[in-house]
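Note sheet for the following structure.
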Amino acid sequence: MGLAARHLEANGVPTVIMGCAKDIVEHCGVPRFVWSDFPLGNSAGRPFDVESQAQTLELAFRLLETAPVARTTVASPLRWAADAAWKHRFLDVGKLSPEEIAERRKEFDVVKAVAKAKREGA
Amino acid sequence: MSGPKIPFAPEDDVPIRYMDRTREYYQALGFSPYRWAHFTDAPFTPLATPLARTRVALITTAAPFQPEAGDQGPRAPYNASAKFYKVYSAAVDSKPDLRISHVGYDRANTVPEDLNAYVPLARLQEAVAAGRIGSLAPRFHGAPTNRSHRVTMETDAPELLRRCREDGADAVVLVPS
């Protein structure tokens, strides 16, 4: 998505990305970025919370209007949860047993093979 | 020196380091590390018209539901067969059924049961009705979640630009899922 935003912008189209993965988006280097400190998959606000979705989109609009330079990030003030416990649960490899790791590896090999077949047939 | 404790936030309440976390995870599984796109600068084009007269396009990484492609429900495991590899477009007023089972969203913490949390189409339409933005481009566009940066840069991004221009979009909101 970052690469697409960069391409649009370089060709004269202003862009704004709404996302949750702050490090990945900023590592890419994008023109404008609204960051929500939410689990991946909630770039546009909290599920079933119209107000939070409208607030997040409004930040994107404000950024289009006011960002002074490229690589401007605005952090949504919304909180996913009262504490940070959820942040430890994403891809927590430390919690996996060797058997589970082997199982995940097998599953991922299948996923990769499926993706490859689909890509080559596309 | 002692006094009242300063109420700092907990040390671990910081942005998740997704690149480190993902790297560690896949290394533990025995895969070679992924290299994320990285630039130290970025292009910039100021908005040329007031937002109330701007036509906005939406780009998403969500995928249209494909009946033949297996479980794409909110609790589906990572489903590579639901991926797409070509840019697609659909009418913004078509009430699209868009899913994210084909990407690595945070399955430990969220259940994607509300489309509006990852595709802000309804909120954008409300913004048009409220006069906050001029209009919505007639189509939204789907960006493939391709692991090849080269394909993204040389094929998909130019195609997205072409479609946005075709629709007369003055600005674009991109929402990864």
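The listed protein sequences correspond, in order, to chains A and B. First residue of the first sequence? That's 1448 in the numbering used here, and the numbers climb one at a time after it. First residue of the second sequence? That's 28 in the numbering used here, and the numbers climb one at a time after it. Don't be surprised by glycine CBs; every beta carbon is placed ideally from N, CA and C. Bear in mind that the values here come from a model prediction, so they are computed numbers and not experimental data.
| query | Bridge partners of Arg1479(A), per DSSP? | reply | Thr1519(A)
Task: DSSP beta-bridge partners of Met1465(A) - done: Val1481(A)
Query raised in the report: Taking a cut of 9 Å between CB atoms, which residues from the region 53-74 of chain B lie near chain A?
Result: Tyr53, Gln54, Ala55, Leu56, Gly57, Phe58, Trp63, Ala64, His65, Phe66, Thr67, Asp68, Ala69, Pro70, Phe71, Thr72, Pro73, Leu74
Quiz item: For a contact meaning CB atoms closer than 9 Å, what does Glu1520(A) contact in chain B?
Solution: Inspection of the sequence shows that residue 1520(A) is occupied by Thr rather than by Glu. Here the premise fails: no neighbours, minimum Cβ distance about 10 Å.
Does the beta-carbon distance from Asn136(B) to Phe1537(A) come in below 8 Å?
-> yes
Identify the residues that DSSP records as bridge partners of Pro91(B): which are they?
Leu125(B)
- Task: Alpha carbon to alpha carbon, how far is Ala149(B) from Arg1493(A)? Give it in angstroms, no decimals.
- Result: 14 Å
May I have the straight-line CA-CA distance separating Ser128(B) from Ala79(B), to the nearest angstrom? For Ser128(B) and Ala79(B), the distance between alpha carbons rounds to 35 Å.
Check: Based on the DSSP secondary-structure assignment, which residues constitute the bridge partners of His168(B)?
Finding: Ile86(B), Ser116(B)
Original post:
What residues from chain A crowd round Arg44(B), counting only those whose CB sits closer than 8 Å?
Top reply: Ordered by position in chain A, the residues that pass the 8 Å Cβ test against Arg44(B) are Asp1470.
Please name the residue, chosen from Val138(B), Leu142(B), Val119(B), that lies closest to Pro104(B) on a Cα-to-Cα basis. Val138(B)
Can you give the Cα-Cα distance for Val200(B) and Leu1511(A), rounded to whole angstroms?
-> Near 9 Å, if we compare the C-alpha coordinates of Leu1511(A) and Val200(B).
Original post:
Any Cβ of chain A within less than 8 Å of the Cβ of Tyr115(B)?
Top reply: no
With a threshold of 8 Å between beta carbons, is Ser1523(A) in contact with chain B?
no
Margin query: Give me the residue from Val119(B), Pro123(B), Met180(B), Pro94(B) with the minimum Cα distance to Ala109(B).
Written below: Pro94(B)
* Check Ser59(B) in the structure and name its three-state DSSP category. => In the three-state reduction of the DSSP assignment, Ser59(B) falls in the coil class.
key: Check whether Trp1517(A) and Pro1478(A) have beta carbons under 8 Å apart   = One point to set straight first is that residue 1517(A) is Ala, not Trp, in the sequence displayed. Yes. Within cutoff.
Note to self: With three or more beta-carbon pairs closer than 8 Å as the criterion, would you say the region 1521-1534 of chain A touches the region 1474-1489 of chain A?
What the structure shows: With the cut-off at 8 Å, the region 1521-1534 of chain A and the region 1474-1489 of chain A touch.
* Give the straight-line distance between the Cα atoms of Ala1486(A) and Lys32(B), rounded to the nearest whole angstrom. => According to the sequence provided, residue 1486(A) is Pro. The question's Ala does not apply to it. Between Pro1486(A) and Lys32(B), the C-alpha separation is close to 31 Å.
*So what's Ser162(B) in DSSP terms, helix, strand or just coil?*
strand
- request: Show which residues of chain B have a CB atom less than 7 Å away from the CB atom of Thr1529(A).
  value: For the record, residue 1529(A) in the displayed sequence is Ala; it is not Thr. Below the 7 Å Cβ cutoff, chain B contributes no neighbours of Ala1529(A), its closest Cβ being approximately 10 Å away.
### Contact between the region 1523-1532 of chain A and the region 110-126 of chain B (3+ Cβ pairs under 8 Å)
no
Assign Asp183(B) to one of two classes, buried (16 or more other C-beta atoms within 10 Å of its C-beta) or exposed (fewer than that). Burial call: buried.
>> Which residues in chain B have a C-beta closer than 7 Å to the C-beta of Ser1490(A)? List them in chain order.
In response: Tyr145, Val202, Pro203, Ser204
**Request:** Count the other CB atoms, across all protein chains shown, that sit within 10 Å of the CB of Ala157(B); report buried if there are 16 or more and exposed otherwise.
**Result:** exposed
**Prompt:** Given that a residue counts as buried once 16 or more other Cβ atoms are within 10 Å of its Cβ, and exposed if not, what is Lys1443(A)?
**Reply:** Examination of residue 1443(A) is not possible in this model, given that chain A is present from 1448 through 1569 alone.
Query raised in the report: Within 8 Å (strictly less), CB to CB, does Leu1506(A) reach chain B?
Result: At a cut-off of 8 Å, the C-beta of Leu1506(A) has no neighbouring C-beta in chain B.
- Message: Residues in the same chain with beta-carbon distance under 6 Å from Arg50(B), minus the five sequence neighbours each way, listed in chain order, please.
- Response: These residues qualify, in order along the chain: Pro60.
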